[in-house]
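For reference, the structure discussed in these notes is given below.
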């Protein structure tokens with residue numbers, strides 16, 4: 001995602017809003033020169049400025065032929081690089097195979113009106129029994145951050161985030177110390193605590209909770225609605241069984257959201273286990289992985305052509321397989337000097353003066369081994385595994401075991417998504 005100026009047509013349309021119901025004033029944050037000489041007359045077509053992944057999926061779902069020839073018929077066809085990137089991603093996530101054939105996973109993803117990576121993450125969340133947590137993360141990533149940054153309050157906001165990552169309310173028995181290196185778990189805990197207060201103490205107490213933790217109350221209500229929407233979509237494809245209407249009398253969004261949060265449901269068996277939630281994050285957001293110097297191959301380091309690592313900047317520098325990237329200042333990980341593991345998963349990159357990755361989580365190399373792509377073991381050193389540009393040291397025996405387990409899991413997962421599920425049984429591993 002690259003920030004850009006609006007077009008002249010956009011500017012005229014937005015200016016009209018000021019006088020829509022009564023006379024008003026529009027304040028434009030650009031000069032006359034920029035408007036008249038530098039802005040485009042009209043916006044660039046969406047096909048030329050947005051990712052093509054979802055469009056490519058729909059082309060395959062509707063059996064419209066090969067992707068490149070079909071898109072080339074457009075009045076202003078997308079660039080070849082954009083088409084190649086979208087097709088490559090669909091192969092990497094397992095939505096396409098062979099000669100652009102749609103897989104069962106791809107058929108499910110094509111029916112979910114969300115980003116492909118978020119859709120895959122939701123499917124994994126149901127299968128691995130942490131659906132409620134993944135629904136919260138998916139909703140926040142699809143909408144926007146709930147945090148408000150008042151002027152000169154950044155440190156207080158960061159303290160509020162740390163408070164949300166405290167051990168309070170974590171019934172998993174796991175230590176949360178290392179799990180504080182995750183923006184996504186902040187989202188999970190923020191929603192979980194807000195929803196609990198709303199249910200037990202009412203809207204006024206929930207509003208006060210938002211105020212004390214620098215959260216937008218309107219965003220939290222929107223996230224609740226999106227959780228219900230996403231959960232219902234998963235029910236439509238057969239991943240979960242919605243409760244019988246008579247269970248609630250008249251089913252409301254609040255009732256459905258409480259049901260999706262119910263820890264006694266099989267699809268929520270491990271929702272309070274941060275390590276499993278982060279593993280599912282890795283499974284869904286792959287191949288969006290960035291790593292520090294100690295987590296990338298020597299060849300990748302050499303390709304940068306210069307010194308790489310924290311010594312060159314005050315902020316941690318990562319590598320995403322193509323270039324150096326930086327953790328966005330809004331991330332809880334942006335000011336950390338050391339991480340539990342060198343690997344970070346993310347959904348979105350933003351380019352301003354640098355390329356930033358938003359909303360990161362530090363993940364275990366074992367999650368990458370299990371849910372990532374092909375594994376290359378360097379037998380001569382007996383403990384090194386390489387995956388595209390990533391590497392880590394693990395015992396040779398463990399790496400062989402993981403290769404076998406990953407192969408078995410991939411076969412099992414394929415069988416699960418091939419089933420035309422009729423209930424929640426398909427969520428049980």
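Residue numbers (UniProt numbering): 1 to 429. Where is the CB? At the ideal position from N, CA and C, for every residue including glycine. Because the structure is a prediction, the values reported are computed rather than measured.
{"Query": "Compare the beta carbon distance of residue 47 and residue 69 with 8 Å and say whether it is the shorter of the two.", "Result": "no"}
{"Query": "Check whether the segment 201-208 touches the segment 108-115, counting contact only when three or more Cβ pairs, one atom from each stretch, lie closer than 8 Å.", "Result": "no"}
{"Query": "Within 10 Å of its beta-carbon, does residue 144 have 16 or more other beta-carbons around it, so buried, or fewer, so exposed?", "Result": "exposed"}
{"Query": "Since residue 11 and residue 42 are thought to touch, with beta carbons under 8 Å apart, how far apart are those beta carbons, to the nearest angstrom?", "Result": "Not really, about 11 Å apart at Cβ, beyond 8 Å."}
{"Query": "What's the gap between the Cα of residue 291 and the Cα of residue 369?", "Result": "14 Å"}
{"Query": "Measuring alpha carbon to alpha carbon, tell me which residue in 2, 110, 6, 58 is nearest residue 35.", "Result": "6"}
{"Query": "Could you give the DSSP three-state label for residue 376: helix, strand or coil?", "Result": "strand"}
{"Query": "For residue 330 and residue 359, what's the separation of their Cα atoms in angstroms?", "Result": "8 Å"}
{"Query": "With DSSP run on the structure shown, which of helix, strand or coil describes residue 101?", "Result": "strand"}
{"Query": "Under 6 Å Cβ to Cβ from residue 28, same chain only, skipping five residues before and after it: list those, please.", "Result": "none"}
{"Query": "Kindly give me the distance between the Cβ atoms of residue 325 and residue 355, rounded to whole angstroms, as I take these residues to be in contact under 8 Å.", "Result": "5 Å"}
{"Query": "Could you tell me whether the segment 262-274 touches the segment 282-299, where touching means 3 or more Cβ pairs closer than 8 Å?", "Result": "no"}
{"Query": "Let's test the definition: count the other Cβ atoms within 10 Å of the Cβ of residue 152 and tell me whether it reaches 16, buried, or not, exposed.", "Result": "exposed"}
{"Query": "Identify which residue in 203, 232, 231, 228 has its Cα closest to the Cα of residue 218.", "Result": "203"}
{"Query": "Would you list the residues sitting across from residue 182 in a DSSP beta bridge?", "Result": "361"}
{"Query": "Could you check if residue 246 is buried or exposed, using at least 16 other CB atoms within 10 Å of its CB as the buried criterion?", "Result": "Note that residue 246 scores a pLDDT of 48, beneath 50, so its modelled location is shaky and nothing firm can be said."}
{"Query": "So, residue 417 versus residue 104, is the Cβ gap smaller than 8 Å?", "Result": "yes"}
{"Query": "How about residue 18 and residue 51: do their beta carbons lie closer than 8 Å?", "Result": "no"}
{"Query": "Throw me the rounded Cβ distance for the residue 130 and residue 271 pair, which I believe falls under 8 Å.", "Result": "4 Å"}
{"Query": "State yes or no: is the C-beta of residue 57 within less than 8 Å of the C-beta of residue 109?", "Result": "yes"}
{"Query": "For the beta strand (DSSP E) holding residue 327, just list the boundary residues, first then last.", "Result": "324-327"}
{"Query": "Rounded to the nearest angstrom, what separates residue 413 and residue 137 at their Cα positions?", "Result": "22 Å"}
{"Query": "Give the single residue among 230, 345, 38 whose Cα lies nearest to the Cα of residue 183.", "Result": "345"}
{"Query": "Short of 6 Å in beta carbon distance, which residues of its chain neighbour residue 224, apart from the five on each side in sequence? Order them along the chain.", "Result": "257"}
{"Query": "If you measure between the beta carbons of residue 322 and residue 334, is that distance less than 8 Å?", "Result": "no"}
{"Query": "Consult DSSP for residue 2 and reduce its assignment to one of helix, strand or coil.", "Result": "strand"}
{"Query": "Look at the alpha carbon of residue 97 and the alpha carbon of residue 63, and state the distance between them as a whole number of angstroms.", "Result": "15 Å"}
{"Query": "If you compare alpha carbons, which of 415, 75, 371, 297 is closest to residue 404?", "Result": "371"}
{"Query": "DSSP on residue 20, reduced to helix/strand/coil?", "Result": "coil"}
{"Query": "Buried or exposed for residue 274, going by 16 or more other Cβ atoms inside 10 Å?", "Result": "buried"}
{"Query": "Quick one: what's got a C-beta closer than 8 Å to residue 148's C-beta in the same chain, skipping five residues either side?", "Result": "157, 214, 215, 216"}
{"Query": "Taking the alpha-carbon of residue 191 as reference, which of 263, 135, 181, 92 has the nearest alpha-carbon?", "Result": "135"}
{"Query": "Assuming residue 252 is part of the beta strand (DSSP E), what are its boundary residues?", "Result": "Where residue 252 is concerned, there is no enclosing beta strand (DSSP E), given that its DSSP letter is neither H nor E."}
{"Query": "Is it right to say residue 252 is buried, meaning 16 or more other beta carbons lie within 10 angstroms of its own, or is it exposed?", "Result": "exposed"}
{"Query": "Counting only runs of 3+ residues fully inside the segment 51-129, write out the beta strand (DSSP E) ranges in chain order.", "Result": "none"}
{"Query": "Taking 7 Å as the cut-off, is the CB of residue 207 close to at least one heavy atom of the ligand MN?", "Result": "Absence of the ligand MN is noted for the structure shown, with no ligands found whatsoever."}
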